[in-house]
Amino acid sequence: MDRSWCGASVVQGIWRSPAGNWLEVQRLRYRKSVTIRTRFAPSPTGPLHLGHAYSALFAADLAREAGGTFLLRSEDIDQSRARPEWEAQMYNDLTWLGLTWPEPVMRQSERLQAYREALAQLWALGVLYPCTCTRRDIKEAAAAPQEGAPLIGPDGVIYPGTCRMKPRPPDMPKDEVLRLDMAQAMQRIGPDVAFHEDGLGPDGEHGRIVVTADHLTHRVGDVVLARRDMGTSYHLSVVVDDAAQGITHVVRGADLFEATAIHVVLQCLLGLPTPVYHHHRLIRDDDGKRLAKRDDARAIALYRREGATPRDIRRMVGLI
């Protein structure tokens, strides 16, 4: 497999400030041939909170300072939880914050064919296999005495590979869970994958990040690329969509840093460019817990009703 392009950034030779801070960059320092494209891609499964505001504003500021484009994407593939009223509120909140974006907004629920085509490409490479294991099966297999303590990866308990041992059908099955055979994938790619981190990982990681095949195989494992209920997954969809939108810089929370190597593996396999990644700090509550919809984090809309201004929100998240 030709690795000359694998992990190659969509933006080569761009000037960076010594501190690596894109917000301090001067527009004329960039090569004229480069157009910076960032995105904010929330799921319409609840109201936006301050953590969303920080990520959206950061991505928009980065694009604006570089004379680039800020895009919006609705990651609504989980139709059991996505709601049109939350999507409408999302647009309303972001507009109130002063953000603008090109229309139409990309919606993942309208892109299932693109995900199927990517899965078919991966199946043809021999790096996917169907999985019938339940969460209970995985938990019990990982907890078996001979396995030792279960290893935890980006998606939780690392899959022990039960279904990988079964004969693979000649045709890609429909409506079944499909997993990435990480060992087989890395045999095709090579000894490692790499990406450029322009922000900070959870342990201060910055610059060129190299992730070995051994780490990916044993500490990340065979992640799910297609769920039975939606025909895709976060990992697959985000990679396909970032490429489709021409995203050059992915701005997101540090909690997704460990998933980045998975995304680079998929980019290598699918022949897609690797963006520059900028993982940022997480916004936390008074108890130090990161904000999350499932914990009823305080919504931006509530701050609005109480009289806060967009400038107040910027101050709250540390962007002023």
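Quick note, the sequence shown lines up with residues 1 to 320 if you use this note's numbering. Just so it is clear, CB atoms sit at the ideal spot from N, CA and C, and this is done for glycine as well.
Per DSSP, the beta-bridge partners of histidine 196 are Arg208. With contacts defined as CB atoms closer than 9 Å, isoleucine 77 and leucine 180 fail to qualify as a contacting pair. Beta-bridge analysis with DSSP links isoleucine 152 to Val157.
Runs of the beta strand (DSSP E) spanning 3 or more residues and lying entirely within the stretch 210 to 278 occur at 224 to 226, 249 to 253, in chain order.
For proline 167, no beta strand (DSSP E) segment is defined, and its DSSP state is neither H nor E. The beta carbons of arginine 228 and aspartate 175 sit about 6 Å from each other, so the pair counts as a contact at 8 Å.
Straight through space, the alpha carbons of leucine 319 and phenylalanine 70 are spaced by roughly 17 Å.
In the displayed model, arginine 284 falls within a strand according to three-state DSSP. The continuous alpha helix (DSSP H) containing threonine 95 extends over residues 84 to 96. Following the DSSP letters along the chain, one finds leucine 62 in no beta strand (DSSP E) but inside the alpha helix (DSSP H) bounded by residues 50 to 65. A straight-line Cα-Cα distance of about 7 Å links cysteine 268 and isoleucine 189. DSSP lists no beta-bridge partner residue for threonine 35. Comparing C-alpha distances from isoleucine 209 to each of Asp198, Arg219, His218 shows the shortest one belongs to Asp198. Ranked by Cα distance from proline 44, the options Leu72, Arg83, His52 are led by Arg83. Per DSSP, reduced to three states, the secondary structure at serine 109 is helical.
The beta carbon of isoleucine 313 lies closer than 6 Å to those of Ala53 in the same chain, with the five residues before and after it left out. The Cβ atoms of valine 265 and methionine 186 lie closer than 9 Å to each other.
For isoleucine 247, the CB contacts under 6 Å within the same chain, skipping 5 residues up- and downstream, are Arg37, Arg39, Pro275 in chain order. In the structure shown, alanine 114 falls within a helical segment according to DSSP collapsed to helix, strand and coil. Short of 7 Å from the beta carbon of serine 109, and not among the five residues preceding or following it, lie these beta carbons of its own chain, in chain order: Asp76, Ile77, Gln79.
With fewer than 16 other beta carbons inside 10 angstroms of its own, proline 167 counts as exposed. Around the Cβ of leucine 48, a 10 Å sphere holds 16 or more other Cβ atoms; the residue is buried. The C-beta distance from glycine 201 to histidine 279 rounds to 6 Å, short enough to fall under 8 Å.
The alpha-carbon of glutamate 65 is positioned some 14 Å away from that of valine 251. In this structure leucine 122 is buried. Its beta-carbon is surrounded by 16 or more other beta-carbon atoms within 10 angstroms.
The criterion of a C-beta distance shorter than 9 Å is satisfied by arginine 116 and glycine 231.
Alanine 185 carries a helical assignment under DSSP once its states are collapsed to helix, strand and coil.
Excluding sequence positions up to five before and after threonine 100, its CB lies within less than 8 Å of the CB of Phe70, all in the same chain and listed in chain order. Minimum Cα-Cα distance from leucine 236 among the listed residues Arg298, Thr35, Leu57, Leu270 corresponds to Leu270. Counting along the chain, the unbroken alpha helix (DSSP H) around leucine 302 starts and ends at 300 to 305. Going by C-alpha positions, leucine 57 is about 14 Å away from threonine 309. By the beta-carbon neighbour count (other beta carbons within 10 angstroms, threshold 16), glycine 221 is buried.
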